[in-house]
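Data first, discussion second: the structure below is written as structure tokens.
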Amino acid sequence: MYYYGARYYDPRISIFVSVDPSAERYSGWTPYHYVHNNPIIYTDPNGKDAILIIKGNNITVKSNIYIYGSGATKTTASIMRSNIMKKWGTNNGKAWTYTDPQSGKVYNVNFEVSVSVYKGNEKSNPLVIPQSWDPDNMDNFIEVGATLDEVGRSYVSGGDEGVWRGMGRNGKSLADDDAAPHEFAHLLGLDDRYSDEGGAYKGWENNIMGNAIDGNVDQRNIDSIVKDGVNRVNSIVKELKDWRTRGKGKLNDDALEYRSSGRLIYKIDVPRPNK
1 MYYYGARYYD
11 PRISIFVSVD
21 PSAERYSGWT
31 PYHYVHNNPI
41 IYTDPNGKDA
51 ILIIKGNNIT
61 VKSNIYIYGS
71 GATKTTASIM
81 RSNIMKKWGT
91 NNGKAWTYTD
101 PQSGKVYNVN
111 FEVSVSVYKG
121 NEKSNPLVIP
131 QSWDPDNMDN
141 FIEVGATLDE
151 VGRSYVSGGD
161 EGVWRGMGRN
171 GKSLADDDAA
181 PHEFAHLLGL
191 DDRYSDEGGA
201 YKGWENNIMG
211 NAIDGNVDQR
221 NIDSIVKDGV
231 NRVNSIVKEL
241 KDWRTRGKGK
251 LNDDALEYRS
261 SGRLIYKIDV
271 PRPNK
């Protein structure tokens, strides 16, 4: 029996014997299948969804979002990106920072977000989006509805797919009533901080995860997004120090990349649906 980080493989019968962590996203397939039964084209190194670039004291959070569906227009894409960046781009006009509790190092945190219509075609309704089946693809694919009848409630599923409304509610424009900034946080692995019955959790009333439309991003959100990546950098730095002391032995791919370029590309893991 071999453990591949997220599932077990039995070489005697040549199959994985545990459920793929992303099985909920693909109910039409057996939860024990591997890379959509197409190992010639796709690979799945850990069975989980993945998206950070850390170099020096700079962290860049990158996200590409492609929209499709009846409400997917270039204007809608532009409004959604603008609203996401208004909430996430800066901290009241200043750059976001993250202070590593282990080293005391202060990082500058920047967001690079693109929102565009899938394949440049407005209001497209593709039967299949091949990239969404590729575990190594870091893009996000969101269906956008043109009316509230089509989309009763925006949501993200599996960390990189979902359905968002492309219009405002109660007579408001999308620019003034957009769920995209809140749903964007789910693409980065953040959970809701409210319940339908009780509203926002205590202490989260003004936060974007507790108050989806009127709430704002605060330091807790930034810390949650980047801390695991910074912890990985700290681990690599220690590994390189030990390696130099030993003067021999192999380094893993992350350590080799960091040693040569001083950069770590960290994939944010979103192992379950968030709504």
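When you number the sequence shown by UniProt numbering, it's gap-free, plus one each residue, and the end is 275.
Even for Gly, the Cβ is constructed at its ideal location relative to N, Cα and C.
Same chain, Cβ closer than 8 angstroms to Ala-255, five either side skipped, listed in chain order: Ile-236, Glu-239, Leu-240 and Trp-243
In chain order, which continuous runs of the alpha helix (DSSP H) of length 4 or greater are located wholly inside the segment 118–202? 180–187
Write down the C-beta distance between Leu-264 and Ile-54 rounded to the nearest angstrom, noting that I regard them as a contact closer than 8 angstroms. 5 angstroms
Just checking, does the segment 149–165 make contact with the segment 107–127 on the three C-beta pairs under 8 angstroms criterion? no
In three-state DSSP terms, what is Trp-88? helix
Residues near Asn-207 in its chain [Cβ-Cβ closer than 8 angstroms; skip 5 each side]: Arg-193, Ala-200, Gly-215, Asn-216, Val-217, Asp-218, Arg-220 and Asn-221
So, is Asn-252 buried or exposed, given that buried needs 16 or more other C-beta atoms within 10 angstroms? exposed
Looking at the unbroken beta strand (DSSP E) that takes in Lys-62, where does it start and where does it end? 58–68
Starting from the C-beta of Asn-110, find all residues in its chain whose C-beta is less than 6 angstroms away, skip the five residues before and the five after it, and write them out in chain order. Thr-60
Between Val-230 and Tyr-98, which are expected to be in contact by the criterion C-beta below 8 angstroms, what is the C-beta distance as a whole number of angstroms? 7 angstroms
On the CB-based measure, 16 or more other CB atoms within 10 Å of its CB, does Thr-245 come out buried or exposed? exposed
Just checking my contact of Ala-178 with Met-85 at CB under 8 angstroms: how many whole Å lie between their CB atoms? In the sequence as presented, Ala is not what sits at residue 178; that position holds Asp. Not really, about 12 angstroms apart at Cβ, beyond 8 angstroms.
For the beta strand (DSSP E) containing Thr-97, name the first residue and the last one. 96–99
Taking Cβ positions, are Val-144 and Gly-93 nearer each other than 8 angstroms? no
From the DSSP secondary-structure annotation, give me the bridge partner or partners of Thr-112. Per the sequence presented here, residue 112 reads as Glu, with Thr not at that position. BP columns for Glu-112 point to Lys-62.
Ser-157 and Arg-165 closer than 8 angstroms at C-beta: no
When the Cα atoms are used, what is the spatial distance from Glu-112 to Ile-65? 11 angstroms
Backbone secondary structure at Asn-83 - three-state DSSP: helix
Straight-line gap, His-186 to Lys-248 (C-alpha atoms, nearest Å): 42 angstroms
Give the secondary structure of Val-233 by DSSP, where H, G and I count as helix, E and B as strand, and everything else as coil. helix
Pull up the distance between the alpha-carbon of Gly-89 and that of Asp-228, whole angstroms please. 20 angstroms
How far does the alpha helix (DSSP H) with Leu-256 in it extend, from its first residue to its last? 253–261
Spell out the partners DSSP gives Asn-207 in its beta bridges. Asn-216
Could you check the C-alpha separation between Thr-73 and Arg-259 for me, to the nearest Å? 43 angstroms
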